[in-house]
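J.:
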Amino acid sequence: MTKRGILVRMVWCTLVAVAPALLSAQDLTCDRGDVEVTSLRFAGNLAFSSASLGEGIVTTPSSWARRNLKGFGTRRCLDRPQFALDALRLVRFYRNHGYVAATVDTSVVPTGDGRVAIEFRVHEGAPVLISELLIEGLDALEHREQLLEGLATARGAPFDKYAMEESRDSLSRRLRNTGYPDAEVFVGYDTHVAAHTATVRFTVQAGRQARLGPVRIVVTPHEGRPRGLNDAAVGRVAGFGDGDLYSEERLERAKRALYQTEAYDQVSVRTDTLSVRADSSRIGVTVDLAEGFMRTARGGVGYGTLDCFRATGDVTQYNFLGGAARLDLRARLSKIGISAPLDGAASLCPQARADPYSHDLNYYVGASASRSAVFREFAPSVTLYSERRSEYNAFLRTTPIGSTVAFARALGRVTQAFGYSVEFGRTEAQPALLCAVFNACEEADRQAFGREQRLAVANVAFARETGDSPVNPTRGSALRVELRTAGTHTASDKSLQFNKLLFDGAIYRPVQPGVVLAARIRIGAVVGPSFSFTHAALYVPPQERLFAGGPTTVRGFPQNELGPAVYIASAYDTVRANGTPGGNLSNPNDTVFFRARADAPGERTVPTGGNAMIVANIEARFRSPVLPDLLQWTAFTDVGDVWNRGTAGANLGFSAMRWTPGVGVRIRTIIGFIRVDVAYNSYARPAGAAYFDTPVSVGGALLCVSPGNSLRVRSGASGQPSQAAGSCPGSFVPPRSSAFVRRLTPSISIGQAF
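What the sequence shown shows, in this note's numbering, is residues 175 to 928, in sequence order.
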């Protein structure tokens, strides 16, 4: 079958597969004779957006797909009784926001074939403004200014009843959080419609300030087991005690903190109302706890295209050393099935099998001791570990022993973390990478890079997440910033010095029901020890270099293959100086070069990473019209580049960016979304140096075979090829198929891309 025939068959099969979904996408709930709403507009609305007005009415147009693709999507019809009420809803909305003279007219324009366009014409009029704002009952209280700071109601603002109610709730909550459990706030107002002014009055009845006490802790141990945590540990986690100022927020925070220890199945923090009647200045608190298991164990198995089979196991002790500290023992294994001694299933992991570092079993064994954080305190943790981990086609990091000290705290949606890690280990990278990037082409030089060294890194991280869901956000944002530094100031080896900056920001916005627009930008840079961008040639450990490409960055490229690369050729030609084939290595009068065959199959790409990176993504996520609770469709475009500053021709520019559009589907499962994406990549692979890695049995030399190289090859003393010293030109360009199907990059992963 021809390539064209294969493509036609694929398209035909796709159409057959999706046809039932397309036909069932129409919503036929409209009754016979109903008219479809194809357009909904608002005119004259200056104070409020059309989107906010549309959220407050019933009338809704057909979906974007229905209106623009003529036959797909959701069909929505005009409900005439609700349409009449919508005009009243808009009038009430405006008047409650201070526009007491607002009126709304409606327009229904037939557009043919049982379709209409709806328009609401708003005449807002002048708003009633607050000319006087009075706050009564706070003069005798401390921190009056802090209590009034940032209220939604202000002098000169519109007479907005919603804002007034919000201000009343804010004042009541602030008073109850500063020692006034019985505080009440009343709202009164006088309006002068003719003058378009109003007087607003908040009357505060704070009551007497109260403190906590006594605090009673009642613990029910798990059946058949002794009590795990003592009162002192419980009190430290709760964060309050006798004599502390009453605060509703503090009591709720204590309940949340106790749950977060994971040592309790039930938590109750309640005030004693009887003590309020007996002594209004003291409020008793009862902390009622039902303990769970003080020791738990978990295990799991999984599969990944790059990890093959993997297994995890955790054991947690929640009352370590008799307090609220916890001890976590963790073990992880990956590359199971393709790496000794747990090999034997390589056929099930074809992508991982092509990775030279997947032949070593990856593992992690560690013990962590941590303490739960009291509000606004940093939670400390100490970890000792040993691990071996690899990055696909890039490096293998072996750490016989390492340790980490970290301090982290969560302030609402903000997380701050500080850490310091010291590890003794070595990094194995492809010989071609070391030769091309760090000019370590000799075996002795490469061994120096692979010896065990002390890497000591200090890091600071900041994260802020406001999304409405951690797994599938539809609105909100996420921001992450991290700085990593290593050098003599951190007690790292002198050869391991770098400063690494990472920025990652994402935003999520609903654009219409069932459609979410998501965008993300990621920027990274590795700079010199003095934060100077001039140390471009500084050695950076391979595990700290920047990589991109793959399911979570630029999906049109395989894992880590965006940016610079070198190649391991599968074959080469022996060429004389005049360009003719052949030559005798043993003849001193015969000048011979090795040069890769451009058409030789099986060359391997070795991504070298870079010291600068930028990645941007934008995607539209559509709720599926068929099986909407199970499926989600996406259309996306990824763009980015990875480069080495200071390298000739490696400069950031619009033309250097790589753009890869694509589509995908997400399938909701109990473990999260399973994501299937297909991206189109129109770019040829970058030119790079080509090498031939000779087997160790015949010397293990790394030979430059780039086209046009002038590194003469002779027969060495042992009879093995010996190549002259010099740089290997980046002139090898792998062949690129012109077939459309070969330019598609599929990927399967778990979770959203960002």
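Ideal Cβ positions, reconstructed from N, Cα and C, are used throughout, including at glycine.
Tell me, to the nearest whole angstrom, how far the beta carbon of D205 is from that of V232; I am working on the premise that it is less than 8 Å.
T.: That belief does not hold up - the Cβ atoms of D205 and V232 are roughly 16 Å apart, past 8 Å.
J.: For N633 and V579, I'd like the C-alpha separation in whole angstroms.
T.: Straight-line Cα distance between these residues: approximately 11 Å.
J.: Excluding the 5 residues preceding and the 5 following Y433 in the sequence, name in chain order all residues of the same chain whose CB lies nearer than 6 Å to its CB.
T.: Answer for Y433: V441, listed in chain order.
J.: Rounded C-beta distance between G737 and D815? I'm assuming under 8 Å.
T.: Yes, they are in contact, since the Cβ atoms of G737 and D815 sit about 6 Å apart, within 8 Å.
J.: Could you tell me the alpha carbon to alpha carbon distance between S929 and L325, rounded to whole angstroms?
T.: Absent from the structure is residue 929, since the part of the chain shown begins at 175 and ends at 928.
J.: Can you tell me where the alpha helix (DSSP H) with P783 in it begins and where it stops?
T.: Position check: residue 783 holds Gly in this sequence, whereas Pro was assumed. Where G783 is concerned, there is no enclosing alpha helix (DSSP H), given that its DSSP letter is neither H nor E.
J.: So which of P355, T808 and Q894 has the shortest CA-CA distance to L419?
T.: The candidate whose alpha carbon is nearest that of L419 is P355.
J.: May I have the straight-line CA-CA distance separating Y268 from G641, to the nearest angstrom?
T.: Approximately 30 Å between the Cα atoms of the pair.
J.: My output table needs one value for Q440: the three-state DSSP class, helix, strand or coil.
T.: Strand.
J.: Within this structure, are the beta carbons of V411 and S546 separated by less than 8 Å?
T.: Going by C-beta atoms, V411 is nearer than 8 Å to S546.
J.: Tell me which residues share the same chain as S346 and place their Cβ nearer than 8 Å to its Cβ, disregarding the 5 neighbours each side in the sequence.
T.: Cβ within range, chain order: A357, E358 and V359.
J.: Taking all protein chains shown into account, decide if G730 is buried (16 or more other Cβ within 10 angstroms of its Cβ) or exposed.
T.: It counts as buried.
J.: Just to confirm my understanding: we take A945, look at its own chain, exclude 5 residues before and 5 after, and list those with CB closer than 7 Å. What are they?
T.: Because the chain spans 175 through 928 in this model, residue 945 falls outside it and cannot be assessed.
J.: Looking only at its chain, what residues have a beta carbon closer than 6 Å to the beta carbon of I309, apart from the 5 residues adjacent to it on each side?
T.: If we look at I309 and ignore the five residues flanking it on each side, its Cβ neighbours are F376.
J.: Kindly examine the ligand SAM and report whether one of its heavy atoms sits closer than 7 Å to the Cβ of P647.
T.: Although the ligand SAM was asked about, the structure shown includes no ligands whatsoever.
J.: In terms of residues, what are the limits of the alpha helix (DSSP H) holding Q256?
T.: From DSSP, the alpha helix (DSSP H) with Q256 extends over R254 to N270.
J.: DSSP three-state label for T394, please.
T.: Strand, per DSSP.
J.: Within a Cβ cutoff of 7 Å, which residues of the same chain sit near Q733, ignoring the five residues on either side of it in sequence?
T.: These residues qualify, in order along the chain: L480, Y566, G723 and G724.
J.: Identify whether F928 lies in helix, strand or coil by the three-state DSSP scheme.
T.: DSSP places F928 in coil when its eight states are reduced to three.
J.: Looking only at its own chain, which residues have a Cβ that is under 6 Å from the Cβ of V655, when we skip the five neighbours before and after it?
T.: Cβ within range, chain order: F636 and F677.
J.: Quick one: what's got a C-beta closer than 6 Å to R563's C-beta in the same chain, skipping five residues either side?
T.: N536 and R571, listed in sequence order.
J.: Excluding five sequence neighbours on each side, which residues of the same chain lie with their C-beta closer than 8 Å to the C-beta of G409?
T.: The answer, listed in chain order, is V389, I391 and G415.
J.: Compute the distance between the beta-carbons of A331 and G299, then report whether it is under 8 Å.
T.: Taking 8 Å as the Cβ cut-off, A331 and G299 do not qualify as a contacting pair.
J.: Keeping to the same chain, check which residues put their C-beta closer than 7 Å to that of G540; ignore five residues upstream and five downstream.
T.: For G540, where only same-chain residues beyond five positions count, the Cβ hits under 7 Å are R504, T557, L558 and Y559.
J.: Determine the burial state of T843: buried for a count of at least 16 other Cβ atoms within 10 Å of its Cβ, exposed for fewer.
T.: Burial call: exposed.
J.: Three or more C-beta pairs closer than 8 Å, one from the segment 762-772 and one from the segment 851-863: is that the case here?
T.: Flag = no, the segment 762-772 and the segment 851-863 do not touch.
J.: Between the segment 685-703 and the segment 890-900, do three or more beta carbon pairs fall short of 8 Å?
T.: Judged by Cβ distances under 8 Å, the segment 685-703 makes no contact with the segment 890-900, as fewer than three pairs qualify.
J.: On the criterion of 16 or more Cβ atoms from any shown chain inside 10 Å, does F707 qualify as buried, or is it exposed?
T.: Note that F707 has pLDDT 49, beneath the 50 cutoff, so the model's placement of it is unreliable and the number below is only indicative. It counts as exposed.
J.: Within the 8 Å Cβ cut-off, does Y854 reach chain C?
T.: Absent here is chain C; the protein component of the structure consists of one chain.
J.: P860: buried (16+ other C-beta within 10 angstroms of its C-beta) or exposed?
T.: Classification of P860: buried, given that the 10 Å Cβ count is 16 or more.
J.: For Q434, report the span of its alpha helix (DSSP H) as first-last.
T.: From DSSP, the alpha helix (DSSP H) with Q434 extends over E422 to Q434.
J.: Nearest to V361 by alpha carbon, out of L349, K335 and T748?
T.: If we check each option's Cα against that of V361, K335 comes out closest.
J.: Count the other CB atoms within 10 Å of the CB of P990; is the residue buried (16 or more) or exposed (fewer)?
T.: Limits of the chain in this structure are 175 at one end and 928 at the other, which puts residue 990 out of reach.
J.: What are the boundary residues of the alpha helix (DSSP H) that includes Q320?
T.: Q320 -> alpha helix (DSSP H) spans R318 to L322.
J.: Taking the beta strand (DSSP E) that A526 belongs to, which residues open and close that run?
T.: It is not in any beta strand (DSSP E) - A526 instead sits in the alpha helix (DSSP H) that spans P524 to R527.
J.: With DSSP as the reference, please indicate the residues paired to T486 in a beta bridge.
T.: G474 and R506.
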